[in-house]
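Throughout the sequence shown, residue numbering follows the UniProt record's numbering, covering 1 to 156 in sequence.
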Amino acid sequence: MDGPLSAEIVEDMDRTYTPSWIQLPPRGFGTRSQGKLSADQWRVLCTVCMVFTLARLWGEERHENHKFLRHFIKLVVVVTRATKRSISEEDIELISESMQAYIQGAVDLFGKGILTINHHLTLHLPELLRQFGPVNGWWAFPFERYNGIIQRYKNN
């Protein structure tokens with residue numbers, strides 16, 4: 001994220017009222033002095049803060065970056081639906097369709113070289129959701145929190 005875009009996101013964060021259960025990322029995100037964002041801070045940044053800002057900046061269809069906004073929103077749909085506390089077959093179908101569209105969009109916008117194994121693995125998410133239910137019951141988020149805590153300790 002470039003400096004001007006980050007500044008726009010921070011300005012929108014300052015102007016936006018969010019529910020008390022949404023913890024916004026620190027205002028200095030993306031800077032060395034701020035440090036790394038947690039997985040949850042990244043989720044909120046991408047699914048809340050950036051949606052407001054990118055829609056405001058690139059929302060007009062004639063804007064040169066509108067295609068990137070449409071592409072990004074497909075990923076937002078996947079993340080917001082996949083992280084719900086309860087999930088339906090309709091949610092799973094939307095996740096599957098949106099992820100396939102997101103991956104195809106990545107290839108169309110950036111070329112096949114952009115794809116990684118993680119893109120392939122996300123195509124298995126619908127199957128995992130059907131087998132194991134909502135991700136909050138089986139994802140690695142609690143372990144990531146401990147990794148963040150452990151990283152702060154000095155070791156040799």
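Each residue gets a CB set at the ideal place from its N, CA and C atoms; glycine is no exception.
Quantities reported herein were computed from a predicted structural model and do not represent experimental measurements.
Rounded Cβ spacing between residue i and residue j (contact assumed at less than 8 Å)
{"i": "I87", "j": "L54", "result": "Not confirmed; about 26 Å, so no contact."}
{"i": "L109", "j": "H71", "result": "6 Å"}
{"i": "N136", "j": "T83", "result": "7 Å"}
{"i": "P19", "j": "R85", "result": "Not confirmed; about 15 Å, so no contact."}
CB of residue i within 8 Å of CB of residue j, strictly
{"i": "K74", "j": "G105", "result": "yes"}
{"i": "residue 158", "j": "L69", "result": "With the chain running from 1 to 156 in the structure shown, residue 158 is simply not present."}
{"i": "V44", "j": "P25", "result": "yes"}
{"i": "I9", "j": "V48", "result": "no"}
{"i": "S6", "j": "G30", "result": "yes"}
Selection from the options that minimises the alpha carbon distance to residue i
{"i": "residue 214", "options": "Y102, E89, E60", "result": "Given a span of 1 to 156 for the chain in the structure shown, any question on residue 214 remains unanswerable."}
{"i": "I95", "options": "L125, G111, V107, I117", "result": "L125"}
{"i": "T16", "options": "Q131, R56, L37, W42", "result": "R56"}
{"i": "W139", "options": "P4, M13, A39", "result": "A39"}
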